[in-house]
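With positions in the sequence shown counted from 1, the corresponding number in my numbering is that position plus 3. Scroll down for the structure; my scribbles are underneath it.
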Amino acid sequence: MMRRFVGSRSKSCLLVAFTCLGLSSGVAIAQETKLEDFNSKNFDGRSTSVDNAWFPLKPGTRFVYEGSTVEDDGKAVPRRVVFTVTDLTKVIDGVRAVVVWDVDYKAGKLSETELAFFAQDNDGNVWHLGQYPEEWEKGKFAKAPAWLHGREDARAGIAMKVKPQRGTPSYSQGWGPKVNWTDRAVVDQVGQKTCVRKGCYEDVLVIAETSREEPDAEHLKYYARGVGNIRVGWRGKGEKTKETLELVEVVQLDPKALAEASAKALDLEKRAYMLSKKVYGGTPPADRRPVARSR
Numbered sequence: 004m005m006r007r008f009v010g011s012r013s014k015s016c017l018l019v020a021f022t023c024l025g026l027s028s029g030v031a032i033a034q035e036t037k038l039e040d041f042n043s044k045n046f047d048g049r050s051t052s053v054d055n056a057w058f059p060l061k062p063g064t065r066f067v068y069e070g071s072t073v074e075d076d077g078k079a080v081p082r083r084v085v086f087t088v089t090d091l092t093k094v095i096d097g098v099r100a101v102v103v104w105d106v107d108y109k110a111g112k113l114s115e116t117e118l119a120f121f122a123q124d125n126d127g128n129v130w131h132l133g134q135y136p137e138e139w140e141k142g143k144f145a146k147a148p149a150w151l152h153g154r155e156d157a158r159a160g161i162a163m164k165v166k167p168q169r170g171t172p173s174y175s176q177g178w179g180p181k182v183n184w185t186d187r188a189v190v191d192q193v194g195q196k197t198c199v200r201k202g203c204y205e206d207v208l209v210i211a212e213t214s215r216e217e218p219d220a221e222h223l224k225y226y227a228r229g230v231g232n233i234r235v236g237w238r239g240k241g242e243k244t245k246e247t248l249e250l251v252e253v254v255q256l257d258p259k260a261l262a263e264a265s266a267k268a269l270d271l272e273k274r275a276y277m278l279s280k281k282v283y284g285g286t287p288p289a290d291r292r293p294v295a296r297s298r
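In structure tokens:
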């Protein structure tokens, strides 16, 4: 699930053009803060066939996560996230992307619902092209801090590299300056083992995510090969929400359930055109075009 995860950075770097990202070993390394080179020519007609080993997005797959998060008053509350890969696609700056519908509940009440857009390039890297979230407070709509590549200076970022390796430079996960989306990631650990309610997994990849807004906090995302994100943890003295999530269920929706999920995603997009005209206005609507064949 593509949340705004943040990260811990150790001591300040000497060059302002660089940022420090703390690794699990405690060693700080300097990495360039540049944005990723997104080029629509690097995507062919199979951009919606997202079969990256660490981040597969098969239409109709629903992931359910449960855990907890700390609210502003310091109290921990239960959290449940339902992440559904729809059979919808949407063209963003010339690239057709898969539409994911993500619903977040805190203490049993709706906290956020969003659309997120992903496409896989010809090399196998998965890109995050933007998202439209609606945030809710006490049952009432609060705001919709959307960003899409090419709108209001926003730039696509990498959701998952085709061959993530430890010791490689950090990378942007997207850049939405109007809504303070400045997430970056670095490969933190490889070859790990972890158990969640869904089961136990070997050869787990751990990605550390950080942002400009919270430089001394970090969220850790655990990925299992062929499955995707299976756990979320945190690290860093500045981490306030102390969010934890673990995979509890993965199901493949039947045609009826998938159609219902996609219909709800389309309803959310209708609101996006009304509430986020600067970002969504002028973009072609999502549709149910057949997802591209496997590579």
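Glycine included, C-beta positions come from ideal geometry on N, C-alpha and C. Nothing here was measured: the structure is a model prediction, and the numbers come from that model.
Can you name the start and end residues of the beta strand (DSSP E) that residue i belongs to?
i           : result
residue 101 : 98-109
residue 282 : Looking at the DSSP string, residue 282 is not in any beta strand (DSSP E); the run it does join, the alpha helix (DSSP H), is 280-283.
residue 156 : Run containing residue 156: none; DSSP gives neither H nor E here.
residue 121 : 112-123
residue 88  : 79-95
residue 232 : 231-238
residue 194 : 187-199
With DSSP run on the structure shown, which of helix, strand or coil describes residue i?
i           : result
residue 128 : coil
residue 261 : helix
residue 55  : coil
residue 218 : coil
residue 38  : coil
residue 60  : coil
residue 209 : strand
residue 136 : strand
residue 256 : coil
residue 50  : coil
residue 272 : helix
Specify, as a first and last residue, the run of the alpha helix (DSSP H) that residue i falls within.
i           : result
residue 164 : Premise fails: residue 164 is in no alpha helix (DSSP H) and is neither H nor E.
Thinking residue i and residue j are a contact (beta carbons under 8 Å), I'd like their distance in whole angstroms, please.
i           : j           : result
residue 60  : residue 271 : Contact doesn't hold; Cβ gap of about 18 Å is too wide.
residue 110 : residue 50  : Not a contact, Cβ separation roughly 38 Å.
residue 292 : residue 57  : The Cβ separation is near 26 Å, so there is no contact.
residue 237 : residue 249 : The pair is not a contact, with the Cβ atoms about 13 Å apart (cut-off 8 Å).
residue 136 : residue 115 : 6 Å
Keeping to the same chain, check which residues put their C-beta closer than 6 Å to that of residue i; ignore five residues upstream and five downstream.
i           : result
residue 179 : 150 and 157
residue 286 : none
residue 160 : 39, 131, 175, 176 and 177
Tell me which same chain residues have a C-beta within less than 7 Å of the C-beta of residue i, skipping the five on either side of it?
i           : result
residue 102 : 89, 91, 92, 93, 118, 120, 268 and 289
Does the CB of residue i have a neighbour CB from chain D at under 7 Å?
i           : result
residue 259 : Reference to chain D is not applicable here, since this structure consists of a single protein chain.
Quiz item: Do three or more CB pairs link the stretch 182-190 to the stretch 211-219 at distances below 8 Å?
Solution: yes
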